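Numbering (the UniProt record's numbering), first residue to last: 1 to 127. Beta carbons are placed, not taken as given, at the ideal position from N, Cα and C, and that holds for glycine. Bear in mind the structure is a predicted one, so any value in this text is a computation, not a measurement.
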């Protein structure tokens, strides 16, 4: 190969390494964001179920003249409230855990660089 081509190849390899580092950090950042959004979606699902239980209990009490429906309604309403409380406690606990992981997160760029150097030297591709 000619010298200009080798210089071009080296320049392109350096550019690719920089892009790989950047992509891995973006991927890690997005994984954390997806985890946060999943936690929020779970909270909304719990709250939606809690509201449905409370509304079902209220409807059972108001719309029925049977004693067993009134008892069922009286049982469903506290279950809905307890589910709502549980959902908030669970959400806050998971948020703390996510925040702890976020704070202890360390970008992996330098790890990738070290790994790349080891692999390149093993195959004799040192630039």
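Where residue i sits in the DSSP three-state scheme
| i | result |
| --- | --- |
| residue 101 | helix |
| residue 87 | helix |
| residue 20 | helix |
| residue 8 | helix |
| residue 39 | helix |
Distance between residue j and residue i (C-alpha atoms, nearest Å)
| i | j | result |
| --- | --- | --- |
| residue 71 | residue 59 | 12 Å |
| residue 55 | residue 106 | 46 Å |
| residue 102 | residue 21 | 19 Å |
| residue 104 | residue 26 | 16 Å |
| residue 63 | residue 80 | 19 Å |
Cβ separation of residue i and residue j, assumed to be a contact under 8 Å, to the nearest whole Å
| i | j | result |
| --- | --- | --- |
| residue 50 | residue 83 | 4 Å |
| residue 91 | residue 23 | Not quite, the Cβ-Cβ distance comes to about 31 Å (not below 8 Å), so this is no contact. |
| residue 93 | residue 77 | Not confirmed; about 25 Å, so no contact. |
Under 8 Å between C-beta atoms of residue i and residue j
| i | j | result |
| --- | --- | --- |
| residue 74 | residue 61 | yes |
| residue 43 | residue 87 | yes |
Closer than 7 Å: residue i CB and nearest the ligand PLP heavy atom
| i | result |
| --- | --- |
| residue 68 | You won't find the ligand PLP in this model; it holds no ligand whatsoever. |
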